[in-house]
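Residue numbers (my numbering), protein chains in the order written: chain A, 1 to 149; chain B, 1001 to 1149; chain C, 2001 to 2149; chain D, 3001 to 3149.
Report on the structure given below.
There are 4 protein chains.
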Amino acid sequence: MFTPQNPDYQKRVHHSFAQQTITSTLSMSIDEIQPGQISLAMPFAETHTQQHGFVHAGIITTGLDNACGYAAFSLMADQYEVLTIEFKTSFLAPAQGQRFVFTGKVKKAGRTLTFVEAEAYAIADQQRTLIATMSATMMAVAQRAKGPD
Amino acid sequence: MFTPQNPDYQKRVHHSFAQQTITSTLSMSIDEIQPGQISLAMPFAETHTQQHGFVHAGIITTGLDNACGYAAFSLMADQYEVLTIEFKTSFLAPAQGQRFVFTGKVKKAGRTLTFVEAEAYAIADQQRTLIATMSATMMAVAQRAKGPD
Amino acid sequence: MFTPQNPDYQKRVHHSFAQQTITSTLSMSIDEIQPGQISLAMPFAETHTQQHGFVHAGIITTGLDNACGYAAFSLMADQYEVLTIEFKTSFLAPAQGQRFVFTGKVKKAGRTLTFVEAEAYAIADQQRTLIATMSATMMAVAQRAKGPD
Amino acid sequence: MFTPQNPDYQKRVHHSFAQQTITSTLSMSIDEIQPGQISLAMPFAETHTQQHGFVHAGIITTGLDNACGYAAFSLMADQYEVLTIEFKTSFLAPAQGQRFVFTGKVKKAGRTLTFVEAEAYAIADQQRTLIATMSATMMAVAQRAKGPD
């Protein structure tokens, strides 16, 4: 559906992902990348829960934000980095499971802004439950830029 | 401005906060609680950054979500827990600093739903910069309930 | 996918829709209703534009909100009305066309809250363009209730 | 707090506002403009209600979007127009009143993007009630541009 501007887009995504310390802290990994689409995985960890023992909404959001950001980044030209402008997350069910999957998909890729949507699933005893959705706006910024401006 | 239904609201907030493993993982602490308001703090940590070395948007969101959730929780009666229904986060500036502060404030407290807003600040070399804002909906659920329904 | 609690759900949706004066002001109509899904249509009108001559974002949002609200309402039991708690709208392309279509689809229907997504399309010279997306939270309230509480 | 790039910012806002047909359809008017801030007013009208006789959420959103858009526009240089990228609206109380007021205030003005917040109030029998809040992202685009890209 989308044509990547950079044939090496998968390599670029893996490289940027590996530079995030949060991904190794959360043992987050890339399952699959396609132009404008990505799937990430994260195991449950006792160290990232809220008061009821479920994974904290902010950690689920971390996975969703990465799914949106790297889905957008996969379509960007070489000289651009990706920055999150804003996102909304809706929590449909408790983040309860052994493993979590985050899928991101570009809705519209523009020169400056990219609109992306993502879904989070909990995997518990082989069953996959939709637990959260994200709607996000990502921005392409020239490398070394430090913020939305 | 708000009258807490539970005179022990501060104790309840501290107790629930301490049950979150994520708060100790992130070294997050409570600075101040008032009815419908809270201020949280978190130091910078190398383990929670995105690809440019700033704190990850999802971790900033974790602080904002806690600020919104516990601001709402401070007004709830004894038999209720708080659950996040949804939030939107806007990222105004990079999360760059030695320390981060998250302030939450209830806009409207209802029987079932509470609307809350929060702001995140980065403290770098004594200077405080607004880096993110959140608008959230929180829900009061009878204790031991497991989800938004 | 969803089983309506009320076999007369289509009639109920049509009845409630007809009680909105805004729908006749905007010449909005129902194209199709299924359990948890709806499609609405609206012609372009010179009276509802913003400064560049496109349909105003708030009017596109009116269609999206109705699509979300009635998709949710189609699954609710007889004694409930639907209220909008919050929504986010993303604007992907200008609202330029002869006709607009709004499709709403329930993501998760709970006892109290229903999460819904909607898309807005502009139809110009036979071509259909995705112009906006909405992510919304709807609430079931006992009839004659006047607000989210 | 903000310094307008254009000393004629008030005139520019009034001019752009007057080009919107929706503002006259809704009898919306500008109460006050300051750099990065605006206040709008709208009377109740029978023609813009939802199924319970309150003003439709989309019409309240129209006022909030204008408040955000023109608060942002007041700070932009001459060659730029303002476009709405996205917004989230939270509905705190029913839109019931004789008159409605919308106040918008810039949180952060950047070269390309401006983050804005707005509040909607219902005025009923002299009493002012906060009924809705908006968090929005606005974009500066060179004149005659037709969309977010």
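Ideal Cβ placement from N, Cα and C applies to all residues, glycine included.
Bear in mind that the values here come from a model prediction, so they are computed numbers and not experimental data.
Exposure of residue i, with buried meaning 16 or more beta-carbon neighbours within 10 Å
i: Q3050/D; result: buried
i: T1003/B; result: exposed
i: K1108/B; result: buried
i: P148/A; result: In this predicted model, P148/A has a pLDDT of only 49, less than 50, meaning its place in the structure is not dependable; the value taken from the coordinates is given anyway. Answer is buried; the Cβ neighbour count reaches 16.
i: D65/A; result: buried
i: Q37/A; result: buried
i: K3011/D; result: exposed
i: S1090/B; result: buried
i: A2018/C; result: exposed
i: K146/A; result: Reliability fails at K146/A, whose pLDDT of 46 lies under 50, so the model's placement of it is uncertain and no value is given.
i: S2016/C; result: buried
i: Q2126/C; result: exposed
i: H48/A; result: buried
i: M28/A; result: buried
i: Q1020/B; result: buried
i: E3117/D; result: buried
i: D3008/D; result: exposed
For residue i, the nearest candidate out of the options (CA to CA)
i: A3071/D; options: D3078/D, R3099/D, T3062/D, V3082/D; result: V3082/D
i: A2142/C; options: T2062/C, I2033/C, M2076/C; result: M2076/C
i: T3061/D; options: M3139/D, I3131/D, I3033/D; result: I3131/D
i: T1133/B; options: A1122/B, M1028/B, L1026/B; result: A1122/B
i: F3073/D; options: Q3126/D, M3001/D, Q3034/D; result: Q3034/D
i: T3202/D; options: Q3126/D, R3099/D, A3093/D, A3140/D; result: Only positions 3001 to 3149 of chain D appear in this structure, which leaves residue 3202/D out of reach.
i: S2135/C; options: D2125/C, T2103/C, Q2127/C; result: T2103/C
i: F2087/C; options: C2068/C, V2101/C, Q2098/C, Q2079/C; result: C2068/C
i: V55/A; options: V13/A, I30/A, V101/A, I85/A; result: V101/A
i: D2031/C; options: T2023/C, T2025/C, S2024/C, L2040/C; result: L2040/C
i: G1110/B; options: A1057/B, M1138/B, Q1098/B; result: M1138/B
i: A2093/C; options: F3044/D, P3043/D, R3099/D, I3085/D; result: I3085/D
i: T3023/D; options: P3043/D, P3007/D, G3053/D, A3095/D; result: P3043/D
i: V1106/B; options: R1099/B, G1097/B, Q1098/B, E1119/B; result: E1119/B
i: G1097/B; options: L1026/B, D1008/B, A1045/B; result: A1045/B
i: N1006/B; options: A1124/B, A1095/B, Y1080/B; result: Y1080/B
i: H3052/D; options: M3001/D, R3099/D, A3124/D, A3095/D; result: A3095/D
i: A2124/C; options: T2114/C, R2099/C, F2115/C; result: R2099/C
i: T3025/D; options: T2114/C, D2078/C, G2058/C, T2129/C; result: G2058/C
Closer than 8 Å at the beta carbon, the chain D residues around residue i
i: T1133/B; result: K3107, F3115, E3117, S3135
i: I2030/C; result: Under the 8 Å cutoff, chain D gives no residues; its nearest Cβ is about 13 Å from I2030/C.
Chain B residues whose Cβ lies nearer than 8 Å to that of residue i
i: K3088/D; result: K1088, S1135
i: I22/A; result: T1047, H1048, T1049, Q1050, H1056, G1058, I1059
7 Å Cβ cut-off: residues of chain A touching residue i
i: L2092/C; result: K107, K108, F115
i: D1065/B; result: A57, G58
Extent of the continuous alpha helix (DSSP H) run through residue i
i: F1073/B; result: 1057 to 1073
i: T3023/D; result: 3021 to 3025
Near the ligand HEM: residue i beta-carbon under 7 Å from a heavy atom
i: A2122/C; result: This structure simply doesn't include the ligand HEM, nor any ligand for that matter.
Sheet register partners of residue i (DSSP bridge)
i: I3131/D; result: Bridge partners of I3131/D: none, in fact.
i: F3017/D; result: In DSSP, F3017/D forms no bridge with anything.
i: M3139/D; result: L3083/D, L3113/D
9 Å Cβ cut-off: residues of chain D touching residue i
i: I2123/C; result: Near I2123/C there are no residues of chain D at all, since even the closest Cβ is about 17 Å away, more than 9 Å.
Residue range of the beta strand (DSSP E) that includes residue i
i: P2043/C; result: 2037 to 2043
i: L1083/B; result: 1080 to 1091
i: T3003/D; result: Per DSSP, T3003/D belongs to no beta strand (DSSP E) and is neither H nor E.
i: R1099/B; result: 1099 to 1109
i: E3046/D; result: E3046/D -> no beta strand (DSSP E), and no H or E assigned at all.
i: D2031/C; result: 2029 to 2034
i: F1115/B; result: 1113 to 1124
Interface residues of chain C facing residue i [CB-CB closer than 9 Å]
i: Q3019/D; result: T2049, Q2050, Q2051, H2052, G2053
i: T3103/D; result: What T3103/D touches in chain C: nothing, since even the nearest Cβ is about 16 Å away.
7 Å Cβ cut-off: residues of chain C touching residue i
i: T1025/B; result: None at all; the shortest Cβ gap to chain C is about 29 Å.
i: I1033/B; result: The contacting residues do not exist; I1033/B stays about 24 Å from chain C at best.
i: S3074/D; result: Near S3074/D there are no residues of chain C at all, since even the closest Cβ is about 14 Å away, more than 7 Å.
Proximal chain D residues relative to residue i, where beta-carbon distance stays under 7 Å
i: I2038/C; result: By Cβ distance, chain D contributes nothing, its closest Cβ being about 14 Å from I2038/C, past 7 Å.
i: T2084/C; result: A3057, F3091
Cross-chain neighbours of residue i in chain A, by beta carbon under 8 Å
i: T1062/B; result: H56, A57, G58, I59, T61, T62
Min CB distance residue i to chain G below 8 Å
i: Q3010/D; result: Reference to chain G is not applicable here, since the protein chains of this structure are A, B, C and D.
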